[in-house]
Amino acid sequence: MHNTDKPLRILQICNKPPFPPKDGGAIGMHNVSQGFIDSGFDLHILSVNSNKHFVDIDTLPQSYIDNTNFNAVEVDLNIKVFSAFANLVFSKRSYNIERFYNKEFGDKLTEILENKEFDIIQIESIFLKDYIPTIRKYSKAKLVLRAPNVEFVIWNRLAQIEKSFLRRFYLNILAKRLKKEELIAFDKVDAIYTVTENDIKLIKSLGIKKPIEFIPTGVDVTKDLSTEGVNTEYPSIFHMGALDWLPNQEAVKWLLDNVWPSIYKEFPKLKFYIAGRRPPQWLKDLRIDGVEVVGEVDDAAAFIKSKAIMPVPLFSGSGMRVKIIEGMMLKKAIVSTTIGIEGIIHKDGKDVLIANTPQEFIDSIRKLIWKEDFYKSICFNARENAKRNYSNKVLAEKLNGFISSIL
Numbered sequence: 001m002h003n004t005d006k007p008l009r010i011l012q013i014c015n016k017p018p019f020p021p022k023d024g025g026a027i028g029m030h031n032v033s034q035g036f037i038d039s040g041f042d043l044h045i046l047s048v049n050s051n052k053h054f055v056d057i058d059t060l061p062q063s064y065i066d067n068t069n070f071n072a073v074e075v076d077l078n079i080k081v082f083s084a085f086a087n088l089v090f091s092k093r094s095y096n097i098e099r100f101y102n103k104e105f106g107d108k109l110t111e112i113l114e115n116k117e118f119d120i121i122q123i124e125s126i127f128l129k130d131y132i133p134t135i136r137k138y139s140k141a142k143l144v145l146r147a148p149n150v151e152f153v154i155w156n157r158l159a160q161i162e163k164s165f166l167r168r169f170y171l172n173i174l175a176k177r178l179k180k181e182e183l184i185a186f187d188k189v190d191a192i193y194t195v196t197e198n199d200i201k202l203i204k205s206l207g208i209k210k211p212i213e214f215i216p217t218g219v220d221v222t223k224d225l226s227t228e229g230v231n232t233e234y235p236s237i238f239h240m241g242a243l244d245w246l247p248n249q250e251a252v253k254w255l256l257d258n259v260w261p262s263i264y265k266e267f268p269k270l271k272f273y274i275a276g277r278r279p280p281q282w283l284k285d286l287r288i289d290g291v292e293v294v295g296e297v298d299d300a301a302a303f304i305k306s307k308a309i310m311p312v313p314l315f316s317g318s319g320m321r322v323k324i325i326e327g328m329m330l331k332k333a334i335v336s337t338t339i340g341i342e343g344i345i346h347k348d349g350k351d352v353l354i355a356n357t358p359q360e361f362i363d364s365i366r367k368l369i370w371k372e373d374f375y376k377s378i379c380f381n382a383r384e385n386a387k388r389n390y391s392n393k394v395l396a397e398k399l400n401g402f403i404s405s406i407l
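Right under this line is the structure:
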């Protein structure tokens with residue numbers, strides 16, 4: 001039993017720095033961290049610091065370092081062509097997961113565990129599963145997996161919509177290997193929590209009987225979420241999300257190919273803004289009337305506030321789109337596929353619009369442009385929904401209850 005006279009000691013192991021919270025993954029981890037801190041827990045963070053999500057530790061606020069006892073180890077996650085090929089031919093493991101194992105990171109983890117006892121150790125995603133033996137060797141803490149996605153589902157869905165036979169074959173191999181690794185990870189931890197109810201059902205259907213809970217990613221309502229006095233460009237369309245993530249690239253391309261030509265023909269003064277870090281070269285080279293590739297923005301919330309309609313045509317992926325929650329909190333009109341809105345509490349036609357075909361997206365966007373009162377009602381209801389269901393304070397209390405139940 002935990003000694004109630006002392007604060008819970010928690011080690012949060014992250015697959016990328018949770019601060020600054022610039023993308024959905026970082027936002028999710030950071031909000032969990034903040035929930036632990038607000039609850040008075042003794043939090044320590046150990047993070048992978050890769051080239052893809054590199055953070056200069058010296059630039060982090062001292063208050064953040066102090067509150068999280070932050071440590072990070074640089075890990076090279078670049079895809080090596082020879083290593084990837086060798087993995088495909090000679091191994092049955094997931095290359096995605098193998099890339100995350102790093103001796104220096106393992107040594108740092110061992111050092112932390114040898115010098116401090118923890119009540120809870122939480123790993124963020126199955127990509128960190130190869131460190132479980134080290135955790136078990138040096139700690140008696142309860143081991144919790146936070147699963148922001150069921151990873152093999154993402155690759156399964158990508159394979160299903162891939163037109164190239166060779167690429168589809170490769171994606172199916174990745175999905176099968178990831179599923180095998182995920183099942184091992186689920187079996188080796190003491191408890192799991194997901195960000196959607198759908199993922200709980202899926203994990204249970206795989207025969208996993210560990211304690212499992214659904215705790216969505218919240219929105220930090222202490223941030224500047226006010227939209228009063230903001231000059232919103234209405235009408236306008238925008239994408240906000242990491243452009244080095246394949247499902248997001250796929251979504252943008254789908255909009256450009258299937259939706260934008262018809263919308264722009266009807267509304268020739270309309271602008272479509274595409275924002276997000278690390279846009280691929282084909283996006284950088286894009287020259288389409290009415291389309292502006294913004295790339296990475298310094299203040300994502302300010303950018304979102306300044307735009308009007310947020311289409312989310314995701315046909316692959318798993319977990320919860322944090323940017324949708326943030327968009328709802330910032331009073332945006334969201335048009336999403338069923339997969340895009342998966343796991344988010346919503347009412348079609350009231351606080352979001354659901355569209356799954358090009359024509360449904362076109363019709364929904366047209367309606368939001370032609371009927372400004374309808375647009376305003378969708379935006380207002382979206383914010384009320386997000387405040388009611390996704391306040392970080394409410395979700396932190398749910399997480400605390402789950403943590404207490406497994407100790």
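In our numbering, the protein residues as written are 1 to 407. Cβ coordinates follow ideal geometry from the N, Cα and C atoms, glycine included. Since we're looking at a predicted model, the values are computed, not measured.
A distance below 8 angstroms separates the beta carbons of Glu181 and Lys129. In the structure shown, Tyr273 falls within a strand segment according to DSSP collapsed to helix, strand and coil. Residue pairing by DSSP puts Gln12 in a beta bridge opposite Ile45, Gln122. With distances taken between CA atoms, Thr337 lies nearest to Val352 out of Gly327, Leu330, Val352. When DSSP states are grouped into helix, strand and coil, Val189 belongs to the coil group.
If you check the CB distance, Val293 and Pro280 do not come in under 8 angstroms.
The closest CA to that of Glu342, considering only Gly35, Ile369, Pro313, is found on Pro313. Of Lys176, Ile215, Glu162, the smallest CA-CA separation from Phe152 is found for Lys176.
By the Cβ neighbour-count rule, Val150 is buried, with 16 or more other Cβ atoms within 10 Å of its own.
For the pair Phe82 and Phe100, the CB atoms are not nearer than the 8 angstroms cut-off.
Assignment of Gly295 by DSSP, reduced to helix, strand and coil, places it in the strand class. Excluding the 5 residues flanking it on each side, Asp38 has same chain C-beta neighbours closer than 8 angstroms at Lys393, Ala396, in chain order. Between Lys271 and Ser236 the beta-carbon gap is near 5 angstroms, inside 8 angstroms, which marks them as a contact. Between Ile325 and Thr196, the C-beta spacing is not below 8 angstroms. Note on Arg388: under 16 other CB atoms within 10 angstroms of its CB, so exposed under the neighbour-count rule.
In the DSSP annotation of this structure, the continuous segment of the beta strand (DSSP E) that includes Val75 starts and ends at 71-75.
Going by C-alpha positions, Gly290 is about 41 angstroms away from Ser94. A straight line joining the alpha-carbon of Arg136 with that of Lys323 spans about 35 angstroms.
With a cutoff of 8 angstroms on beta-carbon distance, Phe361 and Val335 are scored as near each other. Rounded to the nearest whole angstrom, the CA to CA distance from Phe238 to Val55 is 27 angstroms.
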